[in-house]
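For the sequence shown, the working numbering gives the first residue as 10, with consecutive numbering after it.
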Amino acid sequence: MPNTVSLKDISEKTPLFNREEEHNEKIPILDVQGLKKYYPVKKPFGQIRGEKRSVKAVDNVSFRLYEGETYGLVGESGCGKSTIGRTLLRLIEPTAGKAIYKNKDLFELTGENLREVRQELQMVFQDPYSSLNPRKRIGQTLEEPLTIHSIGTKKERTEIVMEILNKVGMQTDHYYRFPHELSGGQRQRIGLARSLVVNPKIIIADEPVSALDVSIQSQVINLLQELQEDLQLTYLFIAHDISIVRYISDRIGVMYLGNLVEEAPADSLLATPLHPYTQALLSAVPLPNPLVKKERIILKGEIPSPLSPPPGCVFHTRCPSAMNVCKMEAPEKKEMSSNHFVSCHLYR
Ligand SMILES: Nc1ncnc2c1ncn2[C@@H]1O[C@H](COP(=O)(O)OP(=O)(O)OP(=O)(O)O)[C@@H](O)[C@H]1O
Ligand SMILES: [Mg+2]
């Protein structure tokens, strides 16, 4: 019998009239909208009256992850990168916003639905030593997530773990070792293996190589790239060092004081950084050719406290190009070229 396809089927499969999808030609696997995380803090000693204060760690951040890509999130220490990763995994609860994954808002899931999604989104942490239980053998640590998610029999779980050990470049005898018997690079491979055993779709890697030697960093980054291709993973790669993020990312988001100030495909961001903060970050990255000289932009002052972020544009207190309007109005996000967005009053 011939298949009849209705107009409704076609419009559902190819939503021609959805401007966002037409624009990006892809449907995001994760769509983060207006994410805010304010941490409440106690009033200073002796103060009884006055407003409740909060640390604005993440303030109205929106971005999308597309299947199979690596999205690099970069910015100075304390700008809210880890907070984004942790809220997406519901390790901490957001103050506001949505994160749409498979047509559901991650922030509204509870019980069994949340458990299912937690399997598909996994996190790799910066410090592989403190994220592994020192009293448990590697095999036990790796089998734990499988037990929690009731995957396989005991024998099957061991087989899965052995296979994953192999995938991350470790040998089967590492199954019986303790974390202190491994090097830093090996421990990070185990951290990666632990997130992979449950067959996730998205990996949030929070500074996964920052604690490692430079030579080991490149090995782990290569491994991440191989695994991405092999297992069709999507990465949110968090780092404070733009020179690492640029190697691995397809697109890069630049954060400053809880705000996403610029977002672009990696090539476009590196070739034409638009935001003065991105320009300063990139000016500090050494060039491969030492004969080519570039001027380093030194930002004045310290990063302000997220307890009382500056009004207007949060970057105006340190911006070399600040104008009057920057002190009063927060800039809106503008698309300057294809998928290259910036929030800055210089671009009106
Ligand atoms: N539980 C908490 N209570 C109060 N403030 C917090 C809490 N956790 C984080 N913060 C604050 O939120 C802000 C963002 O922290 P976060 O850890 O997300 O930064 P980060 O960009 O990951 O920094 P780093 O590069 O150093 O890891 C910081 O000012 C931090 O002090
Ligand atoms: Mg962090």
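Every residue gets a Cβ at the ideal spot worked out from N, C-alpha and C, and that includes glycine.
Contacts around residue i, its chain only, beta-carbon distance under 7 Å, and the 5 residues preceding and following it disregarded
i      : result
GLY77  : GLN241 and THR243
PRO319 : PRO313, HIS325 and THR326
MET370 : No answer is possible for residue 370: it lies beyond the span of the chain, which begins at 10 and ends at 357.
THR104 : LYS45, LYS46 and TYR47
GLN228 : GLY194
GLY178 : ARG198 and LEU232
Exposed unless 16 or more other CB atoms sit within 10 angstroms - verdict on residue i
i      : result
GLU216 : buried
ASN3   : Since the first and last residues shown for the chain are 10 and 357, residue 3 lies out of range.
PRO137 : buried
LYS309 : exposed
LYS402 : No information on residue 402 is available, as it lies outside the stretch 10 to 357 that the chain covers here.
VAL70  : buried
SER204 : buried
THR96  : buried
ALA108 : buried
GLU31  : Reliability fails at GLU31, whose pLDDT of 45 lies under 50, so the model's placement of it is uncertain and no value is given.
LEU155 : buried
First through last residue of the beta strand (DSSP E) which encompasses residue i
i      : result
TYR370 : No statement about residue 370 is possible, as the shown extent of the chain runs from 10 to 357 and does not include it.
SER346 : 342 to 346
SER63  : 62 to 75
GLU272 : 268 to 274
THR162 : Careful: THR162 lies outside any beta strand (DSSP E) and carries neither H nor E.
ILE38  : 37 to 50
ILE312 : ILE312 -> no beta strand (DSSP E), and no H or E assigned at all.
GLN131 : 130 to 133
Limits of the unbroken alpha helix (DSSP H) element including residue i
i      : result
THR150 : 147 to 157
PRO329 : Taken as a continuous stretch (DSSP letters only), PRO329 belongs to no alpha helix (DSSP H), as it is neither H nor E.
GLN288 : 285 to 292
GLN180 : Looking at the DSSP string, GLN180 is not in any alpha helix (DSSP H), and its letter there is neither H nor E.
LYS365 : Missing from the structure shown is residue 365; the chain here goes from 10 to 357 and no further.
Cβ shell of residue i (< 6 Å), same chain only, five flanking positions each side left out
i      : result
SER86  : HIS249
SER219 : GLN135
ARG73  : PRO37 and ASP40
ALA289 : ILE306 and LEU308
HIS349 : ALA273 and SER277
Contact test: residue i Cβ vs ligand 4 heavy atom, cutoff 7 Å
i      : result
ASP215 : Ligand 4 is not part of the structure shown, which contains ligand 1 and ligand 2 as its ligands.
Runs of alpha helix (DSSP H) wholly within the region 202 to 244 (minimum 4 residues, chain order): Taking only runs of at least 4 residues, the alpha helix (DSSP H) segments lying wholly in the region 202 to 244 are 223 to 240.
field: Residues with C-beta closer than 5 Å to any heavy atom of ligand 1, in chain order
entry: Spelled out in chain order, the answer is TYR48, VAL64, ALA66, SER86, GLY87, CYS88, GLY89, LYS90, SER91, THR92, HIS249 and PRO315.
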